[in-house]
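Beneath this line is the structure, given in structure tokens, with notes to follow.
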Amino acid sequence: MSDSDGSATSSPPSELPTEVHGIDFSGGRSGGKRSWVSSGLLEEGSLKIDDCRTASELAGSGTGRDTFLEALVEWIKDQGFCGIGMDFPFSIPADLVEEDSWEEFVRSFPKKYAGPDEFRMACQRKAPGEERKRETDKAKDTPFSPYNLRIYKETYHGLADLLAPLVEAETVSVLPIEEPDPDKAWVFEVSPPATMKAEGQRQQYKGTTQEHRAARTRIIKQMQNSGTLTIRAQGVLSSVLRDSGGDALDSVLSAYQVTQVLLEPERIIPDQLDGPRVEGHVYV
Numbered sequence: 078m079s080d081s082d083g084s085a086t087s088s089p090p091s092e093l094p095t096e097v098h099g100i101d102f103s104g105g106r107s108g109g110k111r112s113w114v115s116s117g118l119l120e121e122g123s124l125k126i127d128d129c130r131t132a133s134e135l136a137g138s139g140t141g142r143d144t145f146l147e148a149l150v151e152w153i154k155d156q157g158f159c160g161i162g163m164d165f166p167f168s169i170p171a172d173l174v175e176e177d178s179w180e181e182f183v184r185s186f187p188k189k190y191a192g193p194d195e196f197r198m199a200c201q202r203k204a205p206g207e208e209r210k211r212e213t214d215k216a217k218d219t220p221f222s223p224y225n226l227r228i229y230k231e232t233y234h235g236l237a238d239l240l241a242p243l244v245e246a247e248t249v250s251v252l253p254i255e256e257p258d259p260d261k262a263w264v265f266e267v268s269p270p271a272t273m274k275a276e277g278q279r280q281q282y283k284g285t286t287q288e289h290r291a292a293r294t295r296i297i298k299q300m301q302n303s304g305t306l307t308i309r310a311q312g313v314l315s316s317v318l319r320d321s322g323g324d325a326l327d328s329v330l331s332a333y334q335v336t337q338v339l340l341e342p343e344r345i346i347p348d349q350l351d352g353p354r355v356e357g358h359v360y361v
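Mind the numbering: the sequence shown is residues 78 to 361 in our numbering, read in order.
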């Protein structure tokens with residue numbers, strides 16, 4: 078486990094999951110139709126994606142935010158031992174956190190803020206002026222501060238309605254903050270834009286034009302050419318390319334990033350975190 082100054086005290090786990098999922102998460106009121114889940118099996122060093130669907134298609138789900146979030150929590154609880162990449166901030170800058178540990182921060186989060194607007198205003202009051210990033214955001218070049226106008230709703234609902242109930246139920250290991258437990262789902266914070274930058278990809282793939290679709294095609298081909306990922310079902314590939322918002326592709330990129338980490342187990346628990354443990358860690 079990692080201590081408060083960001084150093085690590087654990088060896089790479091000996092048992093690794095073979096089921097991998099990527100979740101692209103939307104905090105909008107109708108977020109169920111804009112949140113996507115990609116799933117596959119890690120076989121012989123390559124993730125074989127065989128499913129990609131909106132969160133509204135999960136059992137008991139729907140398009141409304143409360144409905145799909147409850148269904149997504151239950152779906153994650155049912156997965157057992159697997160790796161899951163989620164693309165929202167798992168924390169905020171350390172000097173804005175009042176709790177003594179990340180676990181306390183997450184557990185208290187839903188009671189502390191009445192909603193996303195209150196959360197954002199509280200961060201702004203504590204840090205007037207320029208929006209602050211976590212050290213891991215700076216190190217991994219993520220696009221935004223956790224309470225930026227573009228993503229603060231994802232941060233709020235991801236923490237309050239996804240991570241908080243999962244941590245409370247003790248059904249996940251949030252890495253590398255918590256010890257990897259082979260009886261639980263391993264949850265990784267990922268950032269598709271940061272992964273794209275790290276791989277030299279700066280393509281505009283979110284949009285309705287033929288150029289945007291061509292960019293989505295090129296990104297998929299690059300992942301498949303790397304040998305790390307294969308989309309086995311033609312229907313899945315069609316869904317990913319057809320989704321003009323790029324959210325389906327972001328869910329695939331989230332699963333892809335988790336796969337890269339699992340293929341290099343020493344990265345699961347880094348020797349040194351990017352910043353304080355309470356800020357979490359973005360895997361890129």
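Glycine included, C-beta positions come from ideal geometry on N, C-alpha and C.
Remember, predicted model here, so these are calculated numbers, not experimental data.
- In the three-state scheme derived from DSSP, where H, G and I count as helix and E and B as strand, T213 is classed as helix.
- DSSP places K283 outside both helix and strand once states are collapsed to three, so it counts as coil.
- In the structure shown, H358 adopts coil according to DSSP, grouped into three states.
- For the stretch 153-199, the full-length beta strand (DSSP E) segments reaching 3 residues or more read 159-163 along the chain.
- Using a Cβ distance threshold of 8 angstroms, V335 and F265 count as a contacting pair.
- Between S331 and D164 a beta carbon distance of about 5 angstroms is seen, short of the 8 angstroms cut, so the two are scored as contacting.
- DSSP places G322 in no beta strand (DSSP E); its state is neither H nor E.
- In this structure, the alpha-carbon of R290 lies about 13 angstroms from that of D324.
- Around the beta carbon of G117, 16 or more other beta carbons lie within 10 angstroms, which makes this residue buried.
- Between D101 and W113, the C-beta spacing is below 8 angstroms.
- With fewer than 16 neighbouring CB atoms inside 10 Å of its own CB, D143 falls in the exposed class.
- Across the structure, Q311 and E176 are spaced so that their CA atoms are roughly 47 angstroms apart.
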